[in-house]
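Enquirer: When we follow the numbering used here, the leftmost residue of the sequence shown carries the number 25, and every step to the right adds one. Where is the CB? At the ideal position from N, CA and C, for every residue including glycine. All values reported here derive from a predicted model rather than from experimental measurement.
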Amino acid sequence: MDTQPPPHPIGYPPNSHIWSKGNAGRGGIGRRAAVVAALFSAGAVLADEPPKWGVHLDVEAKPGNKRSLGEMALFVPLKQDGRSLLFGNLIGRFDDHSSREANAGIGFRRMRPDGWNVGLYGFFDRRRSNYGNYFNQATVGAEALGRDWDFRANLYHPFGERIRQVDSLNTAELSSASVVFRSGEERALPGFDAEVGWRVPLFVPDDRRQLRVYLGGYRFADALTRVSGPRARVEYTVAELPNLWKGAELMLGAEAQDDNVRGGQHFVSLRLRIPFGGKERRSTLTAQERRMTAPVVRDVDIVTRAGAFGTPETVTETATGQTITVLDSATTTGAGLPTAVVNAGTNSTVILSGTFNTTATTTVQSGQTIIGSGTLAVRSPSGRTATLALSGATVSATIAGVGNYLTNTAFLMATNSTLSGLTINLSRSGGVGAVAVYANGISGATISGNTITGTETGANTGIGVLLNNATNITVSNNTITGTTGAGTTAYALGLAGTLTTVTVTGNTLNASGGSTNNYHTFINSSGINSGSTGNVKGSGTTCSSAGTITGSVSYTDGSTCP
Numbered sequence: 025m026d027t028q029p030p031p032h033p034i035g036y037p038p039n040s041h042i043w044s045k046g047n048a049g050r051g052g053i054g055r056r057a058a059v060v061a062a063l064f065s066a067g068a069v070l071a072d073e074p075p076k077w078g079v080h081l082d083v084e085a086k087p088g089n090k091r092s093l094g095e096m097a098l099f100v101p102l103k104q105d106g107r108s109l110l111f112g113n114l115i116g117r118f119d120d121h122s123s124r125e126a127n128a129g130i131g132f133r134r135m136r137p138d139g140w141n142v143g144l145y146g147f148f149d150r151r152r153s154n155y156g157n158y159f160n161q162a163t164v165g166a167e168a169l170g171r172d173w174d175f176r177a178n179l180y181h182p183f184g185e186r187i188r189q190v191d192s193l194n195t196a197e198l199s200s201a202s203v204v205f206r207s208g209e210e211r212a213l214p215g216f217d218a219e220v221g222w223r224v225p226l227f228v229p230d231d232r233r234q235l236r237v238y239l240g241g242y243r244f245a246d247a248l249t250r251v252s253g254p255r256a257r258v259e260y261t262v263a264e265l266p267n268l269w270k271g272a273e274l275m276l277g278a279e280a281q282d283d284n285v286r287g288g289q290h291f292v293s294l295r296l297r298i299p300f301g302g303k304e305r306r307s308t309l310t311a312q313e314r315r316m317t318a319p320v321v322r323d324v325d326i327v328t329r330a331g332a333f334g335t336p337e338t339v340t341e342t343a344t345g346q347t348i349t350v351l352d353s354a355t356t357t358g359a360g361l362p363t364a365v366v367n368a369g370t371n372s373t374v375i376l377s378g379t380f381n382t383t384a385t386t387t388v389q390s391g392q393t394i395i396g397s398g399t400l401a402v403r404s405p406s407g408r409t410a411t412l413a414l415s416g417a418t419v420s421a422t423i424a425g426v427g428n429y430l431t432n433t434a435f436l437m438a439t440n441s442t443l444s445g446l447t448i449n450l451s452r453s454g455g456v457g458a459v460a461v462y463a464n465g466i467s468g469a470t471i472s473g474n475t476i477t478g479t480e481t482g483a484n485t486g487i488g489v490l491l492n493n494a495t496n497i498t499v500s501n502n503t504i505t506g507t508t509g510a511g512t513t514a515y516a517l518g519l520a521g522t523l524t525t526v527t528v529t530g531n532t533l534n535a536s537g538g539s540t541n542n543y544h545t546f547i548n549s550s551g552i553n554s555g556s557t558g559n560v561k562g563s564g565t566t567c568s569s570a571g572t573i574t575g576s577v578s579y580t581d582g583s584t585c586p
């Protein structure tokens, strides 16, 4: 019986095994001579044939739900024979978030007689992130591409400057009685990915059309952060497109991935292959030969993670250099609040957090800022800045009805002081009446963004804010309320004595409870700035005035006072 050659793998060249009936016997000079002659003949054929694989350019568009990418990849055979290919690969990629990346690599692939193409490759990667930082990375990968199954794996190792500062990501937050700063960083992460693919048998294995599905995953991590998740994709490839140049190829794809940081991302893709020098290539390639120039599949980015990853630092000053003191009601009692504010010193910033109940006046120091809610720019010991978001504080003062406004107010302002972002409640019975916030004989104070209520429970005047004999004072964006018992007078905002360069803007003014409820009152005051606009009349019916007044305060209903 004649000896028959084994069937060659689908897509692999039939002449990869040399068989003949005459060579089937055992031993002999004739058999050896025939084999040698056949080998020389095959070598002569390979030597005379043009290269199987030529230079081509792949152009890809990859729109997605969170970002869209574009890519150009130049594939250059460097050395080849009928079964092996050494190639270079240059890839340029960009997205619509200002990120750019370039990859330069070299790879080797070999067709095995069993139908598998195996390959190894290495790349140098350089990326400009959407934060404007540059990172370098080495990538190595391995692949096994078969008729029905594919296997791929890649390792990614950033090198050089792996951590870049990003000031826009700096954070600062309150932690008990301290402000903690963390610097913003963008970190390039080492990691790996892998996938397995399967050819969906809609077409015969050697058809120029193929549909493949892939399932894999990725993990990138360092000591502080991790990005990991699954990835699935599908690709439909049409080789030797009709009506286009020889060797043209079209690939349609879809991809989905989901990780713990970036969430779900979905892409569709269109890739077109443009061959160069196609006339010199073999007219027909088998399926296995075509897959020798399949695109290298790897992660599209040097994977980075951006956030506040820096070492914690305790902040002691604002961005302008003022010393910071944090007073938290969990560690500072209401009774201790007035003393703690004095101890913080002049030209300092005092952050209040929580609820304080006190029976004494809190005297603001010269140049001092008392802040509860809003934002505050701070500076770390390393010299970097961040914006601290504050949630607010409440100060409730209950003061006996003795003395005068200087000693019986919740907050007594000082020259060049600021009161901001607080809820202030004063309750008082008797004496000269209740004033929640009082500015007397000072210059350069700001009362802004507060909710202020002055309540007189007896038969005297209840005032929210009172300015007296002061200059260069701004009262803005507050909700100010004055309340009192029946038969007396309530004022939201009182301006008395000689006032110059006073600005009252954006406030909501309320007065209630008395026989007379004045949302605004002027007594012998003057020098109201022209920018005193945008105020809102809440409760209260009248604006009272006496003496010589220059300028006026206007309201959103078109009225002015006086």
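In terms of residues, what are the limits of the beta strand (DSSP E) holding Q16?
Expert: This structure cannot speak to residue 16, because the chain is shown only from 25 to 586.
Enquirer: Could you check the C-alpha separation between G170 and P137 for me, to the nearest Å?
Expert: Computed Cα separation, rounded: 11 Å.
Enquirer: How far does the alpha helix (DSSP H) with E313 in it extend, from its first residue to its last?
Expert: Residues A311 to R314.
Enquirer: Under three-state DSSP, which class holds D191?
Expert: In the structure shown, D191 sits in a helix (DSSP, three-state: H, G or I).
Enquirer: Keeping to the same chain, check which residues put their C-beta closer than 6 Å to that of L179; ignore five residues upstream and five downstream.
Expert: So the qualifying residues of the chain are V164 and F216.
Enquirer: Taking Cβ to Cβ, would you say T527 is nearer than 9 Å to G555?
Expert: Yes, the pair counts as a contact, with Cβ atoms nearer than the cut-off.
Enquirer: Classify I53: buried if its beta carbon has 16 or more other beta carbons within 10 angstroms, exposed otherwise.
Expert: Confidence at I53 is low in this model, with a pLDDT of 37, below 50, so the placement of that residue should be treated as unreliable; the coordinate-derived value is given next. That one is exposed.
Enquirer: Closest to N492 by C-alpha separation, out of A463, I504, Q346 and R257, would be which residue?
Expert: Among A463, I504, Q346 and R257, the Cα nearest to that of N492 belongs to A463.
Enquirer: Which stretch, first to last residue, makes up the alpha helix (DSSP H) that contains P362?
Expert: It spans L361 to A368 - the alpha helix (DSSP H) in which P362 sits, taken as one unbroken run.
Enquirer: Under a Cβ-count criterion, where at least 16 other Cβ atoms within 10 Å of its own Cβ denotes burial, should A535 be classed as buried or exposed?
Expert: Result: buried.
Enquirer: Here's the rule I'm using: 16 or more other beta-carbon atoms within 10 Å means buried, otherwise exposed. How should D283 be labelled?
Expert: Classification for D283: buried.
Enquirer: Indicate the three-state DSSP secondary structure (helix, strand or coil) for T479 in the structure shown.
Expert: It is a strand residue.
Enquirer: Please return the same chain residues whose Cβ sits closer than 7 Å to the Cβ of V285, not counting the five positions on each side in sequence.
Expert: Result list for V285: V251 and R329, in chain order.
Enquirer: In angstroms with no decimal places, state the Cα-to-Cα distance between E125 and L276.
Expert: Computed Cα separation, rounded: 23 Å.
Enquirer: Count the other CB atoms, across all protein chains shown, that sit within 10 Å of the CB of D191; report buried if there are 16 or more and exposed otherwise.
Expert: Exposed is the call here.
Enquirer: By DSSP, does T382 sit in helix, in strand, or in coil?
Expert: It is a strand residue.
Enquirer: On the three-state DSSP scale, how would you describe T513?
Expert: Note: T513 maps to strand in three-state DSSP.
Enquirer: Kindly list the residues whose CB is nearer than 7 Å to the CB of K103, restricted to its own chain and excluding five residues on each side of it in sequence; keep chain order.
Expert: Cβ neighbours of K103 beyond the five flanking positions: L110.
Enquirer: Considering only their Cβ atoms, is the gap separating Q189 from S207 smaller than 9 Å?
Expert: Yes; because the gap between Cβ atoms is below 9 Å, this pair is in contact.
Enquirer: On the three-pair Cβ rule with 8 Å, is the segment 319-329 touching the segment 342-350?
Expert: Output reads no: the segment 342-350 does not touch the segment 319-329.
Enquirer: Got a sec? Which residues, its chain only, sit under 8 Å from S500 by beta carbon, not counting five neighbours each side?
Expert: T470, I471, S472, G473, T527, V528, T529, G530 and N531, listed in sequence order.
Enquirer: Going by the beta-carbon positions, is the gap between N432 and V459 smaller than 9 Å?
Expert: For N432 and V459, yes; Cβs fall inside 9 Å.
Enquirer: Near V83, what residues of its chain come up, given a Cβ to Cβ distance below 6 Å and the 5 sequence neighbours on each side ignored?
Expert: Taken in chain order, the residues that qualify are M96 and L296.
Enquirer: Which value, in whole angstroms, describes the spacing of the CA atoms of D230 and L144?
Expert: One C-alpha to the other measures close to 24 Å.
Enquirer: Sort out for me which residues DSSP pairs P101 with in a bridge.
Expert: DSSP output for P101 lists F111 as bridge partner(s).
Enquirer: Could you tell me the alpha carbon to alpha carbon distance between G360 and A354, rounded to whole angstroms?
Expert: Answer to the nearest angstrom: the Cα atoms are 12 Å apart.
Enquirer: Compute the distance between the beta-carbons of T505 and T485, then report whether it is under 9 Å.
Expert: For T505 and T485, no; Cβs fall outside 9 Å.
Enquirer: Sort K76, R134, L114 and N440 by Cα distance to R150 and report the nearest one.
Expert: Out of K76, R134, L114 and N440, L114 has the C-alpha closest to the C-alpha of R150.
Enquirer: When the distance is taken between beta carbons, is T418 closer than 9 Å to T379?
Expert: Contact flag set, yes.
Enquirer: Based on the DSSP output, what are the partners of E341 in its beta bridges?
Expert: Bridge partners of E341: T347 and R403.
Enquirer: Helix, strand or coil for G582, going by three-state DSSP, please let me know.
Expert: DSSP places G582 in coil when its eight states are reduced to three.
Enquirer: In the segment 143-216, which residue ranges form an unbroken beta strand (DSSP E) of at least 3 residues, counting only runs that do not cross its ends?
Expert: Runs of the beta strand (DSSP E) inside the segment 143-216: 158-169, 173-183, 187-189, 195-199, 202-206 and 208-212.
Enquirer: Is T328 helix, strand or coil by DSSP?
Expert: Residue state, collapsed to three classes: strand.
Enquirer: Can you list, in chain order, the residues of its chain whose CB lies under 7 Å from that of A318, leaving out five sequence neighbours each side?
Expert: Here the set comprises L169.
Enquirer: Who pairs with Q612 in a beta bridge, going by DSSP?
Expert: Residue 612 is absent from the model: the chain starts at 25 and stops at 586.
Enquirer: Hey, G488 and V461: beta-carbon distance below 9 Å or not?
Expert: Cβ distance < 9 Å, so G488 and V461 count as in contact.
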